[in-house]
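Shown next, in structure tokens, is the structure this report addresses.
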Amino acid sequence: MSGHHAHSEQDEKAAAAMFEPEGWDERYAGQERFWSGKPNPQLVAAVDALAPGTALDVGCGEGGDVVWLAGQGWRVTGADFSAEGLARAARHAEQAGVADRVDWWQVDARSFAAGTRAYDLVTSHYLHAPDGGMADVTRRLATAVAPGGLLLVVGHAPSHEFTQLSESHRKAMFLAAEILPALPDGFEPVVVEQRTRTLQRDTGPVEAEDSVLLARRTSGD
Ligand SMILES: C[S@@+](CC[C@H](N)C(=O)[O-])C[C@H]1O[C@@H](n2cnc3c(N)ncnc32)[C@H](O)[C@@H]1O
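Heads up: the sequence shown begins at 436 in my numbering, then just goes up one per residue.
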């Protein structure tokens with residue numbers, strides 16, 4: 436990618452393609468190891484004190500959060516549009532000895548329909564719809580939350596580091612307040628904020644901001 440200068444149409448197309456299933460499949464099918472095995476900190480903060488129930492993690496990738504939740508006693512469905520990501524996730528669940536508490540669902544969050552599925556926790560971390568579509572994704576995810584259950588949506592907040600990348604990267608980022616209006620009636624916001632997180636990079640620690648929306652479904656309507 437061409438750094439902080441204006442992007443050609445071709446660069447932009449290549450950047451947009453990175454966000455599609457083929458782009459993710461290519462990455463997950465390759466040799467590169469992304470797996471840290473650690474759960475995302477905003478997930479741990481939100482559910483640590485909860486009694487385990489059923490959970491859905493959309494955009495679960497290699498399954499770090501799915502495996503962690505299952506290890507805490509949750510019954511978890513990991514959803515992703517990348518078949519290769521789900522295959523890696525299933526291997527990790529097997530290795531962690533939690534395969535009997537997880538299942539997998541290949542689905543695109545942009546056309547996702549919960550149907551009769553209802554979970555005590557619906558979570559999504561860094562899914563990054565490139566077309567500014569996180570509000571729509573949030574609206575869809577909310578339909579899968581059981582009454583009394585929680586919805587947790589986390590992504591990168593807009594930052595200088597990311598805005599230098601591409602139009603697609605830029606549109607994939609959001610502030611918690613921007614997806615708040617997507618909550619349907621019957622939801623009560625619990626957390627709507629940006630939180631600083633420290634990333635360990637080769638060059639040393641880097642501060643990043645997570646946008647965090649946590650909401651509870653208070654009623655069935
Ligand atoms: C940056 S990774 C994050 C993975 C994991 N949630 C984590 O925090 O480590 C984004 C994941 O979202 C998936 N994804 C992106 N857009 C999606 C969509 N529209 N529907 C379903 N999955 C999607 C990708 O395949 C990828 O596995």
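A virtual CB, placed ideally from N, CA and C, is assigned to each residue, including glycine. Just so we're clear, the structure is a prediction, and the values are computed from it rather than from any experiment.
Hey, would you say the C-beta of residue i is under 8 Å away from at least one heavy atom of ligand 1?
i, result
"residue 577", "no"
"residue 544", "yes"
"residue 520", "yes"
"residue 465", "no"
"residue 457", "no"
On the DSSP letters alone, give me the boundaries of the alpha helix (DSSP H) that residue i sits inside.
i, result
"residue 496", "From DSSP, residue 496 is part of no alpha helix (DSSP H); its letter is neither H nor E."
"residue 630", "Unbroken run through residue 630 is the beta strand (DSSP E), 622 to 636; no alpha helix (DSSP H)."
"residue 550", "Element bounds for residue 550: n/a, residue is neither H nor E."
"residue 381", "Outside the modelled stretch of the chain, which goes from 436 to 656, sits residue 381, for which no answer is possible."
"residue 546", "No alpha helix (DSSP H) contains residue 546, which DSSP labels as neither H nor E."
Using the Cα positions of residue i and residue j, report the straight-line distance between them to the nearest angstrom.
i, j, result
"residue 549", "residue 521", "19 Å"
"residue 440", "residue 447", "Residue placement at residue 440 is poorly supported in this model, since its pLDDT is 47, which falls under 50; the coordinates still yield a value, given next. In a straight line, the C-alpha of residue 440 is about 12 Å away from that of residue 447."
"residue 438", "residue 601", "Low confidence applies to residue 438: its pLDDT is 44, below 50, so where it sits in the model is not reliable enough to give any reading."
"residue 436", "residue 591", "Reliability fails at residue 436, whose pLDDT of 41 lies under 50, so the model's placement of it is uncertain and no value is given."
"residue 534", "residue 444", "44 Å"
"residue 617", "residue 574", "5 Å"
"residue 539", "residue 468", "21 Å"
"residue 565", "residue 497", "20 Å"
"residue 638", "residue 582", "45 Å"
"residue 476", "residue 495", "15 Å"
"residue 453", "residue 513", "21 Å"
"residue 584", "residue 481", "12 Å"
"residue 653", "residue 586", "11 Å"
Looking at the C-beta of residue i, does it have a partner C-beta in chain C at a distance below 9 Å?
i, result
"residue 553", "Going by chain labels, chain C is absent from the structure shown, which holds only one protein chain."
Assuming residue i contacts residue j under a Cβ cut-off of 8 Å, what Cβ separation, rounded to an integer in Å, is found between them?
i, j, result
"residue 647", "residue 611", "6 Å"
"residue 528", "residue 542", "Contact flag wrong, Cβ pair sits at about 18 Å."
"residue 471", "residue 499", "7 Å"
With distances taken between CB atoms, is the gap from residue i to residue j smaller than 9 Å?
i, j, result
"residue 492", "residue 559", "yes"
"residue 487", "residue 509", "yes"
By the DSSP assignment, the beta strand (DSSP E) with residue i in it spans what residues?
i, result
"residue 558", "554 to 560"
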